[in-house]
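Numbering follows full-length UniProt numbering, with no gaps: position 73 of the sequence shown is 73. Let me begin by presenting the structure, written as structure tokens, before commenting on it.
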Amino acid sequence: MTQVVLPEINFLTTDAQELVNEFITIYEQTEGRKLSQADPLRLIFLSAASVITKQNVAINDAAKQNLLYYARDKVLDHKGAEMTTSRLEATAATTTLRLHLSVPLTSSRIIEKGSLATSNEGAIFFATVEETAISPGVDYVDVELECTTKGEIGNGFAVGQINTLVKPLPYIGHIENITVSDGGAEREEDAPYKERIYMAPEKLTNAGSDGAYKYFAKSASALISDVYVYMPTPGCVDIKILMKDGKLPSPEIIDKVLNAVSGKRVRPLTDRVTAGAPTITAFDLDMSYFIETDAVDKTILHKKIQAAVDEWLVWQQSKIGRDINPSKLISLCIKAGAKRVDVRSPVFMVVEQGEVAQLDMLNVHFGGVEDD
Numbered sequence: 001m002t003q004v005v006l007p008e009i010n011f012l013t014t015d016a017q018e019l020v021n022e023f024i025t026i027y028e029q030t031e032g033r034k035l036s037q038a039d040p041l042r043l044i045f046l047s048a049a050s051v052i053t054k055q056n057v058a059i060n061d062a063a064k065q066n067l068l069y070y071a072r073d074k075v076l077d078h079k080g081a082e083m084t085t086s087r088l089e090a091t092a093a094t095t096t097l098r099l100h101l102s103v104p105l106t107s108s109r110i111i112e113k114g115s116l117a118t119s120n121e122g123a124i125f126f127a128t129v130e131e132t133a134i135s136p137g138v139d140y141v142d143v144e145l146e147c148t149t150k151g152e153i154g155n156g157f158a159v160g161q162i163n164t165l166v167k168p169l170p171y172i173g174h175i176e177n178i179t180v181s182d183g184g185a186e187r188e189e190d191a192p193y194k195e196r197i198y199m200a201p202e203k204l205t206n207a208g209s210d211g212a213y214k215y216f217a218k219s220a221s222a223l224i225s226d227v228y229v230y231m232p233t234p235g236c237v238d239i240k241i242l243m244k245d246g247k248l249p250s251p252e253i254i255d256k257v258l259n260a261v262s263g264k265r266v267r268p269l270t271d272r273v274t275a276g277a278p279t280i281t282a283f284d285l286d287m288s289y290f291i292e293t294d295a296v297d298k299t300i301l302h303k304k305i306q307a308a309v310d311e312w313l314v315w316q317q318s319k320i321g322r323d324i325n326p327s328k329l330i331s332l333c334i335k336a337g338a339k340r341v342d343v344r345s346p347v348f349m350v351v352e353q354g355e356v357a358q359l360d361m362l363n364v365h366f367g368g369v370e371d372d
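The structure is reproduced here in structure tokens:
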């Protein structure tokens, strides 16, 4: 994600002591006398400064909300509207369902739109997106399913896991999803939405700029965390897509991106656009960590160090072209409370643009305790 760094600003002071000093100075100049440390007026000035400081904090926040760098929540939605860039709403996961017929039909049958299917657990339901006709003589028919609950909750149903029709049909023998459900996303969070607003001016070009392709590709789904655009050959554009937490895109997400940069609305007609996952650069994580002998709560330390490892794995795998950097892993583990960290693998490795580091083998070993 693009990091925009701007200087911190305040429109009004939030230093209560500065206000008290100002009150005292004005009073002493007006009255022509010095206030002693025990003067009751000091308590009045302190009380007034406390109230004004709280007001100034609120005024500062309200004023800063007018700047995109600080805007959040509904104010950020208004900033996006100024750039005709709306926040991405929650979307439902989709998958392809195959309905196998018990016997071939002699006449057509209709699978109604909204027909429900679920897994054995029956907690999450999927509905057919459109009405589908089953022709005579076929053995099966494929239909598109959409989760009835929007968000990431519908993602990750493995092939064959959605296998039950809520209302069984006599001519259907069994059903199964033939793709992993994917594409469900929560409402876009402030950070990625803010980044798209920063990129919004890029969409004004129709020349097929790098920034324009990135803007429209990221607008396809709130699950997309990083996009890399390059030209493999003249007239061709390849878009590499990486999902939240370093996951690779599903075929459904790739189709959404291609649709978002369609020739009718966005890209130059002369561009031949392809999209897909970045090339994987696999790495193994093999490490040992040690903690101090006199550490107070070793159980908590183990959990913190494991959380640091997990944080590094997400960071390492969440950006296209990010070099494999074990130094950051060591830093996070030391910060979490490890005394010493021995990373045998990976070593530092340059990851080219269009590639992404992905974990293959994992071995995190507690090496024991050591004296300081």
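No residue lacks a Cβ here, since even glycine has one placed at the ideal position from N, Cα and C.
Query                                                                                                                                                                                          : Result
When the distance is taken between beta carbons, is ALA336 closer than 9 Å to LEU295?                                                                                                          : Leu is not the amino acid found at residue 295; the sequence shown has Ala there. Not in contact: ALA295 and ALA336 (Cβ atoms no closer than 9 Å).
Shortest alpha-carbon distance to GLU311 belongs to which of PHE11, PHE45, ARG344, ASP245?                                                                                                     : ASP245
Kindly indicate the opening and closing residues of the beta strand (DSSP E) around ILE175.                                                                                                    : 172-177
Please report the distance separating the alpha-carbon of GLU195 from that of THR14.                                                                                                           : 29 Å
How many angstroms separate the CA atom of ASP286 from the CA atom of LEU329?                                                                                                                  : 12 Å
How should ASP360 be labelled, buried or exposed, when 16 other C-beta atoms within 10 angstroms of its C-beta is the threshold for buried?                                                    : exposed
Tell me which residues share the same chain as LYS218 and place their Cβ nearer than 7 Å to its Cβ, disregarding the 5 neighbours each side in the sequence.                                   : ARG196, ILE224, VAL227
Check whether the stretch 110-122 touches the stretch 44-54, counting contact only when three or more Cβ pairs, one atom from each stretch, lie closer than 8 Å.                               : no
Using the beta-carbon count (16 or more within 10 Å), is GLU188 buried or exposed?                                                                                                             : buried
For the stretch 278-355, which segments carrying the alpha helix (DSSP H) assignment without a break, of at least 4 residues, lie completely within its bounds, in sequence order?             : 298-317, 326-336
How would you write the range of the beta strand (DSSP E) that ILE224 sits in, first residue to last?                                                                                          : 224-230
Rounding to the nearest angstrom, what Cα-Cα distance links SER288 and MET349 in this structure?                                                                                               : 20 Å
Cβ of VAL356 within 9 Å of Cβ of THR281?                                                                                                                                                       : yes
Does the distance from the C-beta atom of THR148 to that of LEU97 stay below 9 Å?                                                                                                              : no
Using the Cα positions of ALA133 and LEU105, report the straight-line distance between them to the nearest angstrom.                                                                           : 12 Å
Decide if the stretch 14-33 is in contact with the stretch 73-84; the criterion is three or more beta carbon pairs, one per stretch, under 8 Å apart.                                          : no
Can you check which of these residues, LEU35, ALA200, PRO249, is closest to ASN21 by C-alpha distance?                                                                                         : LEU35
To the nearest angstrom, how far is it from the Cα of GLY211 to the Cα of LEU76?                                                                                                               : 21 Å
With distances taken Cα to Cα, identify the nearest neighbour of HIS100 among GLU131, THR164, LEU43.                                                                                           : THR164
Hey, how far is the Cα of GLU130 from the Cα of ALA93?                                                                                                                                         : 15 Å
Please go through the same chain and pick out, in chain order, the residues whose beta-carbon is closer than 6 Å to the beta-carbon of SER250, but skip the five residues on each side of it.  : ASP182
In the DSSP output, what is SER119 paired with across the bridge?                                                                                                                              : ILE162
Starting from the C-beta of ALA158, find all residues in its chain whose C-beta is less than 7 Å away, skip the five residues before and the five after it, and write them out in chain order. : VAL180
Could you give the first and the last residue of the continuous beta strand (DSSP E) run that contains ARG187?                                                                                 : From DSSP, ARG187 is part of no beta strand (DSSP E); its letter is neither H nor E.
Which residues mark the beginning and the end of the beta strand (DSSP E) in which LEU101 is found?                                                                                            : 94-101
Under the rule that 16 or more other beta-carbon atoms within 10 Å means buried, what is GLU18, buried or exposed?                                                                             : exposed
Using the three-state DSSP reduction, which class does GLY151 fall into: helix, strand or coil?                                                                                                : coil
Give me whichever residues DSSP pairs with THR14 in a beta bridge.                                                                                                                             : According to DSSP, THR14 bridges with nothing at all.
Hey, out of TYR70, VAL57, ASP61, whose CA is closest to PRO7's CA?                                                                                                                             : TYR70
What's the call for MET1, buried or exposed, on a 16-neighbour Cβ count within 10 Å?                                                                                                           : Here MET1 scores only 45 on pLDDT, less than 50, and its place in the model should not be relied on; the value that follows carries that caveat. Answer is exposed; the Cβ neighbour count stays below 16.
Going by beta-carbon coordinates alone, are GLY156 and ALA90 separated by less than 9 Å?                                                                                                       : no
The alpha helix (DSSP H) with ARG33 in it runs from where to where?                                                                                                                            : Element bounds for ARG33: n/a, residue is neither H nor E.
Please name the residue or residues paired with TYR140 in a DSSP beta bridge.                                                                                                                  : HIS100
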